[in-house]
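In the numbering used here, the protein residues as written are 15 to 174.
Positions of the beta carbon are idealized from the N, C-alpha and C atoms, including for glycine.
The structure presented is a predicted model; accordingly, all values stated were derived computationally and were not measured.
Written out as structure tokens, the structure reads:
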């Protein structure tokens, strides 16, 4: 992994435009894009997600990032979410986060985060579950990013 390449992460609650924003930024700046592994993984699940599934998604996201970093020839890459999402979902739905995820958060930091706000209308999707918990998860994201001492800014989607 080339540590000179910066990692910019697009994060936030469900249905805030992370994929759209990350693809647009990658195209605009002509830099590599790391997709959200959990989307691919969850689309093939035939049962409720388990803690082992969360661990699998962590490893998948790390592998995708490492693959993109290994071939990147740019100053930075854009990541459509991070495995911090695994920590959030694990804590929320299973009551704890696997140690491998906690270690990963310490050992594979991101250089900057764009936290997308919940001001866009909810877009229904088979992989989205909690339209009424967006405010809660926005608070969780703030808490997690502060706990990581992350450099981040909130991006709103609707002009006022």
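How big is the Cα-Cα spacing for residue 84 and residue 76?
12 Å
Might you give, ordered along the chain, the residues of its own chain that have their beta carbon closer than 7 Å to the beta carbon of residue 72, omitting 5 neighbours on each side?
97, 100, 114, 115 and 118
Taking only the alpha-carbon atoms, compute the straight-line gap between residue 175 and residue 68 and give it to the nearest angstrom.
Here the chain covers residues 15 to 174 and nothing more, so residue 175 does not appear.
In angstroms with no decimal places, state the Cα-to-Cα distance between residue 60 and residue 53.
14 Å
In or out: residue 142 buried (at least 16 other Cβ within 10 Å) or exposed?
With a pLDDT of only 48 at residue 142, under 50, the local geometry of the prediction cannot be trusted, and no value is derived from it.
To the nearest angstrom, how far is the alpha carbon of residue 161 from that of residue 132?
21 Å
Which of helix, strand or coil DSSP assigns to residue 93
strand
Could you check where the alpha helix (DSSP H) with residue 115 kicks off and where it finishes?
113 to 121
Of all the options 74, 95, 90 and 43, which has the alpha carbon lying nearest to the alpha carbon of residue 27?
95
For the beta strand (DSSP E) containing residue 13, name the first residue and the last one.
Summary: the structure shown does not reach residue 13, with the chain confined to residues 15 through 174, and so no result is reported for it.
For residue 65 and residue 40, what's the separation of their Cα atoms in angstroms?
31 Å
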